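So the numbering used here is basically just the index in the sequence shown, starting at one, shifted up by 39.
No residue lacks a Cβ here, since even glycine has one placed at the ideal position from N, Cα and C.
This structure is a prediction, so every number in the text was calculated from the model and none was measured.
Remarks on the structure that follows.
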Amino acid sequence: MHSPSDTSWKRLLWYVLAGSRGGTNRGRIINLLRKEPHNVNQLAEALDVHYRVAEHHIRALEKNNLITPSGERYGKLYFLSQEMEAHLHIFDEIWTQIQPGAREVKE
């Protein structure tokens, strides 16, 4: 049985990942950040998108407390939030359902 927190996280992640066209890139960002921190430029390069597109997705993930920044301006690095790390099992469950053949990101 899932805890109320798990249910809330499941709803949030379905919304962030499947509720808009940008969900695929947001999921790919989460997968990159689970390996190591990145700045916006590094994320844009890895996703093969314009800097502004990566910035938009970062804002959405940060607004929903899925990621957290460290540092300032250009050198600012992004990490998964502690809450996101604690709920990665839910992310993985949803991600495999909506992106079974998700294209890999550049390392």
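I'd like the list of long-range same chain contacts for THR107, defined as Cβ closer than 6 Å, with 5 residues on each side in sequence excluded.
PHE118, SER120
For the beta strand (DSSP E) that TYR117 lies in, which residues bound it at each end?
116 to 119
For SER59, the three-state DSSP class (helix, strand or coil):
coil
Can you tell me whether GLY114 is buried or exposed, with buried defined as 16 or more other CB within 10 angstroms of its CB?
exposed
Where does HIS77 land, buried or exposed, given buried means 16+ other C-beta within 10 angstroms?
buried
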